[in-house]
Amino acid sequence: MCGTRRLPTSSARSGRTSLAVPVSVLVVEDEPAILELVAVNLEHAGFAPLRAASAEEAAQLLRQSLPDVALVDWMLPGQSGLALARRLRSDARTRELPIIFLTARSGENDKVAALEAGADDYLTKPFSPRELVARIRAVLRRRAPQLGEAPVEISGLRLDPGAHEVRGGNRPLELSPTEFRLLHFLMTHPNRAYSRSKLLDEVWGNDAVVEERTVDVHVRRLRQALAPSGHDALVETVRGTGYLLRGGAPT
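Adding 80 to a residue's 1-based position in the sequence shown gives its number in the numbering used here.
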């Protein structure tokens with residue numbers, strides 16, 4: 081059985097030094113009543129919602145402005161929420177946009193599919209406004225840049241937290257923010273196996289509501305991102321325990 085973590089309801093907003101400009105949230109939902117209900121609750125929580133009833137409308141809004149986070153319904157007319165997430169992740173302009181899926185599909189395979197499409201989190205309908213707001217704030221906290229940390233290098237794999245850059249040899253590698261944080265933790269704690277539960281605490285936060293299976297999905301995506309430079313083999317699975325990054329002491 082997969083473990084979970086409980087999310088706090090702190091009102092802190094990550095990565096921002098001023099509250100003058102509200103966090104903008106793109107809501108992509110084709111049911112008008114749900115769209116309006118979500119938008120109103122976001123407004124009451126101090127967010128600035130942007131409304132879209134389809135992936136096409138969302139794309140039009142994104143061409144005009146870039147929100148701080150996107151809430152995406154799975155079942156949309158025309159292009160699905162999954163397809164929209166993949167589209168956002170493939171575009172350099174929206175690659176870093178946090179995505180939370182809103183879905184009535186609660187099966188494990190559905191959750192894995194959403195994560196593999198690029199979702200940062202998922203919320204099963206029906207959900208409370210309080211939980212939705214907490215999830216948004218948690219995603220924004222996790223997306224905050226890591227500043228003031230020195231670059232780390234192992235076996236030709238170099239990660240620079242300040243520049244948010246990873247290079248394998250002379251090859252730049254593209255990682256999502258979650259895979260970046262995961263790699264950073266593993267590279268700064270090499271040659272030691274960590275359980276999925278421990279990785280959730282260290283990378284996602286010990287109060288995050290995330291299933292342990294999420295770690296497997298992101299490790300797989302991390303390996304795929306490291307494969308072009310041949311560094312995927314550094315990330316090893318330790319049967320019955322979890323994962324480790326094999327290599328010499330970081331420099």
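Beta carbons are placed, not taken as given, at the ideal position from N, Cα and C, and that holds for glycine.
Return the first residue and the last residue of the alpha helix (DSSP H) that E259 is part of.
Counting from one through the sequence shown, the residue named residue 259 turns up at place 179. 257-268 is the extent of the alpha helix (DSSP H) around E259.
Q: Excluding the 5 residues preceding and the 5 following E229 in the sequence, name in chain order all residues of the same chain whose CB lies nearer than 6 Å to its CB.
A: As a working mapping, residue 229 is identified with position 149 in the sequence shown. Contacts found: P241.
With a Cβ-Cβ cutoff of 7 Å, do A199 and L255 count as a contact?
Against the sequence shown, residue 199 aligns to sequence position 119. Against the sequence shown, residue 255 aligns to sequence position 175. No. Outside cutoff.
task: Would you mind listing the beta strand (DSSP E) stretches within the segment 197-221 that are 3+ residues and don't spill past its ends, in chain order?
output: You should have 201-204.
Item checked: Beta-carbon proximity of G352 to I234, cut-off 7 Å -> With the chain represented from 81 up to 331, any question about residue 352 goes unanswered, as that position is not in the structure.
Q) Going along the chain, which residues of its own chain have a beta-carbon closer than 7 Å to the beta-carbon of E176, five neighbours each way excluded? A) Within the sequence shown, numbered from 1, the residue matching residue 176 stands at position 96. Answer for E176: P257, listed in chain order.
Open item on the list: Assuming L262 and V283 are in contact, meaning their beta carbons sit under 8 Å apart, how far apart are those beta carbons, in whole angstroms?
Closed with: By 1-based counting over the sequence shown, the position of residue 262 is 182. By 1-based counting over the sequence shown, the position of residue 283 is 203. With a Cβ gap of about 5 Å, L262 and V283 count as contacting.
**Prompt:** Roughly how many angstroms lie between the CA atoms of A132 and P157, to the nearest whole one?
**Reply:** Position 52 of the sequence shown, counted from the start, is the residue given in the question as residue 132. Position 77 of the sequence shown, counted from the start, is the residue given in the question as residue 157. Whole-angstrom Cα-Cα distance: 11 Å.
Could you tell me which whole beta strand (DSSP E) segments of length 3 or greater appear in the segment 124-161? 128-132, 149-153
Check: In the structure shown, what three-state DSSP assignment does T294 receive?
Finding: On the sequence shown, residue 294 is found 214 positions in, with the first residue counted as 1. In the structure shown, T294 sits in a helix (DSSP, three-state: H, G or I).
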